[in-house]
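> Per our numbering, the sequence shown starts with residue 706, numbered consecutively.
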Amino acid sequence: MPRIPVINTSHLDRIDELLVDNFETGEFKLHRSVFTDQALFDLEMKYIFEGNWVYLAHESQIPNNNDYYTTYIGRQPILIARNRNGELNAMINACSHRGAQLCRNKRGNKATYTCPFHGWTFNNSGKLLKVKDPADAGYSDCFNHEGSHDLKKVARFGNYKGFLFGSLNPDVPSLEEYLGETSKIIDMIVDQSEQGLEVLRGASTYTYEGNWKLTAENGADGYHVSAVHWNYAATTQQRKEKQAGDNIRAMSAGAWGKQGGGSYGFDNGHMLLWTQWANPEDRPNFPKADEYSEKFGEAMSKWMIERSRNLCLYPNVYLMDQFGSQIRVLRPISVNKTEVTIYCIAPVGENAEA
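1. When DSSP labels each residue in this structure, what does Y911 get in the three-state scheme?
2. Which two residues bound the contiguous beta strand (DSSP E) that contains L978?
3. Have a look at R719, E749 and T730 and flag the residue whose alpha-carbon is nearest the alpha-carbon of N1021.
4. Compare the Cα-Cα distances from K857 to each of E722, M796 and T775 and report the closest residue.
5. Quick check on the burial criterion: 16 or more other C-beta atoms within 10 angstroms. Buried or exposed for P1037?
6. I need the boundaries of the alpha helix (DSSP H) containing S1006, first residue and last residue.
7. Count Cβ pairs between the region 967-984 and the region 1014-1029 that sit closer than 8 Å; are there 3 or more?
8. Name, in chain order, the residues that DSSP records as bridge partners for I1032.
9. Exposed or buried, what is Q900 when buried is set at 16 or more other beta-carbons lying within 10 Å of its beta-carbon?
10. Would you be able to state if there are at least three C-beta pairs under 8 Å between the region 753-768 and the region 777-797?
11. For the region 874-883 and the region 813-826, state whether three or more C-beta atom pairs, one from each stretch, are separated by less than 8 Å.
12. Compare the beta carbon distance of I778 and G871 with 8 Å and say whether it is the shorter of the two.
13. So, for H736: in the same chain, excluding its five sequence neighbours on each side, which residues have a beta-carbon less than 6 Å away from its beta-carbon?
14. I'd like the list of long-range same chain contacts for T887, defined as Cβ closer than 8 Å, with 5 residues on each side in sequence excluded.
15. Which residue marks the beginning of the alpha helix (DSSP H) containing M893, and which one marks its end?
16. Check for me: the beta strand (DSSP E) holding Q900 runs from which residue to which?
17. Note down the Cα distance separating T730 from D721, rounded to an integer number of angstroms.
18. Put Q743 into one of helix, strand or coil per three-state DSSP.
19. Residue range of the alpha helix (DSSP H) that T826 falls in?
20. In the DSSP assignment, what residue or residues form a beta bridge with F870?
21. Look at the Cβ atom of H854, then the Cβ atom of K837, and state whether they are nearer than 8 Å.
22. Does DSSP put Q781 in a helix, in a strand, or in coil?
23. With a threshold of 7 Å on Cβ separation, who are the neighbours of I709 within its own chain once the five nearest residues in sequence on each side are excluded?
24. Comparing C-alpha positions only, which one of C847, V725, N1041 and D742 sits nearest to N916?
25. Based on DSSP bridge pairs, tell me the residues matched to S1123.
26. Following the continuous alpha helix (DSSP H) through K918, name the residue where it begins and the one where it ends.
27. So, are the CB atoms of Y773 and V904 less than 8 Å apart?
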């Protein structure tokens, strides 16, 4: 039998030594090995990605009965399926017999899934429907007793206003506790339409040679923008001025960050980076300012229209409402390799001019 890898925890005592956070002196240091240490990465996979709530998908990516969508929780492949009654189920994307992966495409529409190895067939609620050659294959009378060989469900599966989260750990706090005060920031995006949000067609995926925490930190780091992205800002501004004059309504990249902003740390590791727009009147939702003020209050209306926001829902997703609105999902592949996938989102029914 293959050897089961054992997580080395012998260096746990020195983890605290890797971080210096002295509020009194203002000293903050983080040892670079936290981005390269294999043993620490193994612990992160077990306790953070596979022991915590993580973002999975948006429900608009599984809109129809029998639709499915595949993703990961840590190192475990996950299948999210909408059954014929419209109910969503999150399951381990592996046959309960010998573990072969059932769905190898990112998404599709199927009422049943047949294992390519031994032909077991399951419905999209995870129930085992039939096995190949049941009379001659030697199955005992207790086989699949009370659904013992159905697909394994994700231990915790939750939905907050269309955003789907899951955990392999049955003992995690409720999804509401996990999100905490970040739900107010999520609401600023979702409540822009009475019909909610939808993920637009297409996606952009790339991998980089580096640790997952680099992306988790970078999205809430406003300090690097003027140094790294100045060429992007200058190029977009010049194109707007030369090619379209004032005919295209776009957010001012050249003035981004010059109007003030800040960052905020929530409980449970969540983070927010925000800036004040120089030209909020060019936001697609600007005409709804009075409507938002009446529904949500003036302060919330200003946050929805006049400020860009990068919200990190720890550990694996950014909800960004800035030059464009997007979901940015990170997936650790190894200690020094990370996959990032970007989806554009928009209010349902948003007009073409937006």
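We treat Cβ as the ideally placed atom computed from N, Cα and C, and that holds for glycine.
In short, the structure shows the following:
1. strand
2. M976 to Q981
3. E749
4. M796
5. buried
6. E1003 to E1011
7. yes
8. L1024 and Y1048
9. exposed
10. yes
11. no
12. yes
13. L723
14. F971, H975, L977, L1016 and L1018
15. T887 to V895
16. Careful: Q900 lies outside any beta strand (DSSP E) and carries neither H nor E.
17. 18 Å
18. helix
19. Here T826 belongs to no alpha helix (DSSP H); instead the beta strand (DSSP E) covers T826 to N828.
20. Y760 and G863
21. no
22. strand
23. Legend: pLDDT at I709 = 44, less than 50; position of this residue unreliable, value from coordinates given subsequently. No residues qualify anywhere along the chain.
24. N1041
25. Residue 1123 cannot be examined here, being either before or after the span of the chain that is shown, 706 to 1059.
26. W917 to N923
27. no
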